[in-house]
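There are 2 protein chains.
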Amino acid sequence: MSNRKIKIAVDAMGGDFAPRAVVEGSVQACRDLGAEIILVGKEQAIHVVRKKKDSSIRVGIELVLENKADAFVSAGNSGAVASGALFVLNRIKGIDRPAIATILPALKNRVILLDAGANNSCKPYHLAQFAVMGSVYSKYHLSCASPRIAVLSNGEEESKGTDITREAHALLRKSKLNYIGYIEGKDVFKGAADIVVCDGFTGNVLLKAAEGVAECLGKTLQEEMSSSLWSKIGYLFSRTAFTNFKKRFDYAQYGGALLLGVRGPVIISHGRSTAEAMKNAVKMAAQCVEQKVVYHLANDLEVSQDFATFAKKPSLFDKLFKSDSGLKRPEPEQ
Amino acid sequence: MSNRKIKIAVDAMGGDFAPRAVVEGSVQACRDLGAEIILVGKEQAIHVVRKKKDSSIRVGIELVLENKADAFVSAGNSGAVASGALFVLNRIKGIDRPAIATILPALKNRVILLDAGANNSCKPYHLAQFAVMGSVYSKYHLSCASPRIAVLSNGEEESKGTDITREAHALLRKSKLNYIGYIEGKDVFKGAADIVVCDGFTGNVLLKAAEGVAECLGKTLQEEMSSSLWSKIGYLFSRTAFTNFKKRFDYAQYGGALLLGVRGPVIISHGRSTAEAMKNAVKMAAQCVEQKVVYHLANDLEVSQDFATFAKKPSLFDKLFKSDSGLKRPEPEQ
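Protein sequence lines correspond, in order, to chains Y and U. Under numbering that gives the first Met the number 0, the first residue of the first sequence is numbered 0, with each subsequent residue one higher. Under numbering that gives the first Met the number 0, the first residue of the second sequence is numbered 0, with each subsequent residue one higher.
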């Protein structure tokens, strides 16, 4: 890494607790990292009210395009950030749809889930492209040399899934990636795969359900722990254990989600980002810059293209004459 | 309720722990309820091995058709049970696709989620029919007079969702049901709605993700609680609190899922059903028989049809000339 300071543009207007949480988190990240932070937003608005709330997104992404910033971080509307990034930075050749890649804590490892919400409906080759992008991200960001890739489905058997997951499954089976087949929602959190691909609608439902269950369980546990004198005493003894437990599943520890597929590092953080979450999102952005994730992705896809040919968008010719994916539609079970 | 004993047919061959767990659970339910249980399966197989494993499903459902049993319970392959029930018992008029209705524990209430896995892809009017079935089920099984119905989506705003959820949303908005709009995965577990409708693929992903997160959190908590002497002492003090906590989220307490839309009560229980889970599934079947859930559903749909006309399958005429659902496709956010 060169001695030049990393510069991160941060959307001061995005998120439920903006601009306060953003400014606080950025200052902390600045101190910890020694990176340079460019806060983007209306100067007076940072102190008063938010107007034209998405314009800061555009400005921040343009800073990346003009090389005035190395990365952009926003807790604003994820759809607006994704489409803004696509419009301003353009896509990496070989990728038809950028995807939001979220890192989830699982029992044994960290799991990259994509797409977490950029594309509501996807074609099979989109899912295959997500797998390619996820594997590069996993390699450079999580140092996972040969990440296990799975397609999210409603069962492990090949006969499960939708027409789209079945075709994606057939494409991935033919690839050189470490593809392990379908994965169920349950096994995602056991860490049965390193990368889980799905359309953005399903990914979003899965992520938010996980968040909801964790919140619901946490509240119920709290209720039970304060239900009697004994349990209250017990809580005092095991307070450290509870604090560690909470920390392991606190989304604020996991920074943000990288938007994969655009020509520059853009990090989307949770709409409810606290200062702590913003700090970690900025740190993650700095890491992605150091690890040159976007550069490697573009390089792998555009220079040594052959590893992603299986995921190419089919031409009209392919569609007309090669539509057989080699998988039969399953007969209804009986 | 008449004095006649309720008769429940139970699939002795279905589930990972069959036949042992099934037999044990059935015996317990029999004792607690005073109901009559008919175990279905090969007599010798109940003690030895399982062969032709789905034939017990067919036999059990036929007992319901012939009025030799009031309900059927199986922990076997849910697809096989659903298609078997549809084939043997037939559908209720006005319903195009039966759906698996699961009851989830949420913070404030119990939530009915459907479809939990019978239909991988759905049309908008299927989702609307699920809402109709769910509301009748909620009324008679959970005594919820005017259940709040929501469509599962990736955000609350109308512009979110897929083409299918948006059309279902438009149909439900026109209905007389207590429709409250879109719901996010997160809010399902807060109990923001009483009924959540979605396609079976998404429903299955949500359910299994919830199961996986609960398991992962449970294991991590256990790890943390046994990480130091203090936390171990704390655990001893608060053991009752932990036991109660576990019980509140144990799927075994929630019996099975009712298959809604076929002309007879069929309960699908978890493939990993223990004896306790089987007992509760049988109890739930007996409740559904007493509450006449299926009778009421058929009656409401077939006699006073008007409340479900909005959910009718569109005719070719409708498709050609009335395709405008009144909802505009959202512009991409920018």
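The beta carbon of each residue, even a glycine, is placed where N, CA and C say it ideally should be. Just so we're clear, the structure is a prediction, and the values are computed from it rather than from any experiment.
Remark: C-beta atoms of I182(Y) and V150(Y) approach each other more closely than 8 Å.
For the options E23(Y), C287(Y), S227(Y), P123(Y), the alpha carbon positioned closest to that of H46(Y) is the one of E23(Y). Apart from the 5 residues on each side of it in sequence, A192(Y) sits with its Cβ closer than 7 Å to the Cβ of V110, R147, I148, A149, I179, I182 in its chain, given in chain order.
Restricting attention to alpha helix (DSSP H) runs no shorter than 4 residues, the segment 124 to 209 of chain U encloses them at 162 to 172, 184 to 187, ordered along the chain. 8 Å or more divides the Cβ of V80(Y) from the Cβ of A70(Y).
Taking CB atoms only, T308(Y) has no neighbour in chain U less than 8 Å away. Under the Cβ distance rule, A149(U) does not count among the residues neighbouring chain Y, no pair being separated by less than 8 Å. Spatial neighbours of N118(U) in its own chain (CB-CB distance under 7 Å, excluding positions within 5 residues in sequence) are listed in chain order as R96, A98, H125, D198, G199. Under the Cβ distance rule, C215(U) counts among the residues neighbouring chain Y, one pair being separated by less than 8 Å.
The beta-carbon distance between A208(Y) and F248(Y), rounded to whole angstroms, is 14 Å. This is too long to meet the 8 Å contact definition. Contact annotation for F244(U) against chain Y: T219, L220, E223 [CB-CB distance below 7 Å, chain order]. Secondary structure at S73(Y): strand, using DSSP grouped into helix, strand and coil.
Pairing Q252(U) with A8(U), the inter-Cα distance amounts to about 20 Å. Take the alpha-carbon of A74(U) and the one of M283(Y): they are about 45 Å apart. A Cβ-Cβ contact shorter than 8 Å links I232(U) with F236(Y). Across the set V292(Y), H269(Y), E222(Y), the C-alpha of H269(Y) shows the shortest separation from the C-alpha of D15(Y).
When C-alpha distances from A130(Y) are compared across K185(Y), A169(Y), E156(Y), the shortest belongs to A169(Y). Counting along the chain, the unbroken beta strand (DSSP E) around L38(U) starts and ends at 35 to 39.
With respect to I163(Y), M132(Y) sits apart: the two C-beta atoms are not nearer than 8 Å. Residues N177 of the same chain have their beta carbon placed closer than 7 Å to that of S145(Y), with the five preceding and five following residues left out of the count. E210(U) has a beta carbon lying within less than 8 Å of a beta carbon in chain Y. As the crow flies, the alpha-carbon of K41(U) is around 11 Å from that of V58(U). The C-beta distance from T201(U) to T101(Y) rounds to 18 Å, too long to fall under 8 Å, and the pair is not in contact.
For K189(U), the CB contacts under 6 Å within the same chain, skipping 5 residues up- and downstream, are L106 in chain order.
By the beta-carbon neighbour count (other beta carbons within 10 angstroms, threshold 16), L228(U) is exposed. Under the criterion of beta carbons closer than 8 Å, L88(U) and V261(U) qualify as touching, at roughly 4 Å. Chain Y has a Cβ within less than 8 Å of the Cβ of N203(U).
The beta-carbon distance between H295(U) and V135(U), rounded to whole angstroms, is 6 Å. This is short enough to meet the 8 Å contact definition. Residue burial is scored here from C-beta neighbours: L258(U) has at least 16 other C-beta atoms within 10 angstroms and is therefore classed as buried.
With fewer than 16 other beta carbons inside 10 angstroms of its own, T242(Y) counts as exposed. By the beta-carbon neighbour count (other beta carbons within 10 angstroms, threshold 16), G116(U) is buried. Residues L300, E301 of the same chain have their beta carbon placed closer than 7 Å to that of K92(Y), with the five preceding and five following residues left out of the count. In the three-state reduction of the DSSP assignment, A284(Y) falls in the helix class, which pools H, G and I. Here R19(U) carries a helix assignment [DSSP, helix/strand/coil].
Pairing S54(U) with D10(U) gives a Cβ-Cβ distance that is not under 8 Å.
The Cβ of D249(U) sits no closer than 8 Å to any Cβ of chain Y.
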